[in-house]
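Novice:
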Amino acid sequence: MAAKIQCPIDLFSRQEEEIAHLTRAINQARTTDQKAPWAQALIEAVDVLLACKQYDQASMDCRLCYNFAELRRKMATLVVKAMRLNR
19 MAAKIQCPID LFSRQEEEIA HLTRAINQAR TTDQKAPWAQ ALIEAVDVLL
69 ACKQYDQASM DCRLCYNFAE LRRKMATLVV KAMRLNR
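In this text, residue positions in the sequence shown follow our numbering: the first is 19, and each later residue adds one.
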């Protein structure tokens with residue numbers, strides 16, 4: 019699942035492996051209680067990308083990275099909210 023985002027500071031590639039691992043863990047977990055810790059870790063991992071100090075609105079790669087991170091964060095946040103609703 020290697021993305022072709024060319025990050026000028028290599029932040030995306032450093033975070034991508036962890037994000038993919040956490041996403042797989044969420045997908046493999048059976049219950050929201052099992053998914054929630056992985057989702058929380060995913061939120062923290064994508065927040066690193068969202069907080070990038072080198073973000074350049076003019077760069078397609080930066081915009082793709084940001085959108086990728088934002089989408090993953092939304093998904094992880096929904097998992098955490100679902101876990102809270104089930105309690």
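We put the beta carbon where it would ideally sit given N, CA and C, even for glycine. Model, not experiment: these values are computed from the prediction.
#1: Using the beta-carbon count (16 or more within 10 Å), is residue 52 buried or exposed?
#2: Can you find the residues in the same chain that come closer than 6 Å, C-beta to C-beta, to residue 110, ignoring five residues on each side of it along the sequence?
#3: Among 47, 95, 89, whose alpha-carbon lies nearest the alpha-carbon of residue 58?
#4: Taking residue 25 as the reference, which of 74, 92, 102, 104 has the closest Cα?
#5: Would you kindly work out how many angstroms separate the C-alpha atoms of residue 18 and residue 99, rounded to a whole number?
Specialist: Reading from the atomic positions:
#1: Around the C-beta of residue 52, fewer than 16 other C-beta atoms lie within 10 Å, and the residue is accordingly described as exposed.
#2: Any answer about residue 110 is impossible in this case: the structure gives the chain only from 19 up to 105.
#3: 95
#4: 74
#5: Residue 18 cannot be examined here, being either before or after the span of the chain that is shown, 19 to 105.
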